[in-house]
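Down below is the structure, laid out as structure tokens.
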Ligand code: GLU
Ligand code: ZN
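Residue numbers (this note's numbering): 5 to 299.
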């Protein structure tokens with residue numbers, strides 16, 4: 005069996021509705037896949053029930069449909085994948101590659117988010133502890149298709165990081181790597197807020213012996229007040245009756261040049277135009293874009 009040349013995905017977190025920034029990321033991943041006849045998957049990253057907004061999963065899928073997106077195969081939910089995550093964590097723990105950490109938030113204060121390694125050699129049992137993965141004293145780097153070369157020294161800039169929280173919830177970094185590998189994802193297109201997560205994911209891929217996808221990070225859309233349109237920002241759902249103009253606007257945010265009359269056609273026509281004219285090299289090479297400056 006030959007594996008397909010391109011499998012892309014959109015992986016929303018249901019901690020809020022889709023906003024214009026997530027539309028830009030969804031559109032970029034969709035067009036980049038479809039422009040080369042690739043597959044495009046949707047995966048619901050529902051790892052954190054306490055932070056999930058009721059009805060957000062259904063609303064996200066509804067918005068994608070209203071905006072004309074069609075995904076391949078069944079949508080996958082990370083909440084259905086716990087068994088896999090647990091098995092991998094057990095294996096890493098038994099091999100000594102991961103360890104239990106009982107540090108309190110207070111103990112970790114003043115370390116700028118870089119874990120100081122207190123529990124590295126403590127041999128705590130897994131029970132009632134967070135699980136951290138040991139990182140090597142190495143710099144990881146990759147060439148992003150838009151942002152170019154990106155480097156990060158895992159030991160100095162990140163430290164041993166959490167793969168299962170103390171409350172038992174699985175961490176995004178591990179789940180995303182396992183699922184992208186399991187689903188055969190070859191190309192990851194997502195927001196630039198995840199640029200600095202990528203080296204951790206490269207390290208996990210290496211450790212788990214899975215192949216490394218290619219990466220493209222699109223600019224994050226920010227509000228005039230500098231507010232990120234991000235996970236923690238509660239924006240209302242994207243209006244279904246403005247799908248075409250908002251898609252055209254998202255295209256422009258991605259450096260594409262759709263004709264002006266797109267404001268009043270069907271969303272599907274905007275997407276088809278986007279597929280036919282997609283040039284990823286036109287995506288602005290910056291980490292953030294102010295929504296106010298977009299046409
Ligand atoms: N679920 C993540 C988010 O909503 C995206 C993960 C990814 O694309 O790697 O920010
Ligand atoms: Zn600790």
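We put the beta carbon where it would ideally sit given N, CA and C, even for glycine.
Presumed contact (8 Å Cβ cut-off) between residue i and residue j, rounded CB distance
i	j	result
residue 127	residue 97	Rounded, the Cβ-Cβ distance is 11 Å, inconsistent with contact.
residue 176	residue 49	7 Å
residue 168	residue 93	5 Å
residue 248	residue 270	6 Å
Candidates the options: closest to residue i by CA position
i	options	result
residue 71	256, 122 and 252	252
residue 210	266, 57, 142 and 222	142
residue 61	239, 81 and 248	81
residue 111	294, 122, 104 and 133	122
residue 197	188, 151 and 165	151
residue 191	21, 25 and 45	45
residue 40	287, 278 and 299	278
residue 171	120, 199, 299 and 104	104
residue 106	86, 258, 136 and 240	136
residue 214	200, 43, 183 and 153	183
Proximity of residue i and residue j at Cβ, strictly below 8 Å
i	j	result
residue 55	residue 83	no
residue 68	residue 30	yes
residue 224	residue 195	yes
residue 181	residue 212	yes
residue 100	residue 139	no
residue 189	residue 77	no
residue 250	residue 27	yes
residue 173	residue 264	no
DSSP-derived helix/strand/coil call for residue i
i	result
residue 296	helix
residue 134	strand
residue 44	strand
residue 205	helix
residue 21	coil
residue 167	strand
residue 273	helix
residue 216	coil
residue 235	The pLDDT assigned to residue 235 is 49, lower than 50, so where the model puts this residue is not dependable; a value taken from the coordinates is nonetheless given after this. Reduced to three states, the DSSP call for residue 235 is coil.
residue 71	coil
residue 100	coil
residue 15	coil
residue 118	coil
residue 256	helix
residue 10	coil
Exercise answer, beta-carbon shell around ligand 1 heavy atoms below 5 Å: Residues with a Cβ closer than 5 Å to any heavy atom of ligand 1, in chain order: 15, 17, 49, 180 and 194.
Residues proximal to ligand 2 by C-beta, any heavy atom closer than 6 Å: With 6 Å as the limit between CB and the heavy atoms of ligand 2, the residues that fall short of it are 105, 106, 107, 122 and 123.
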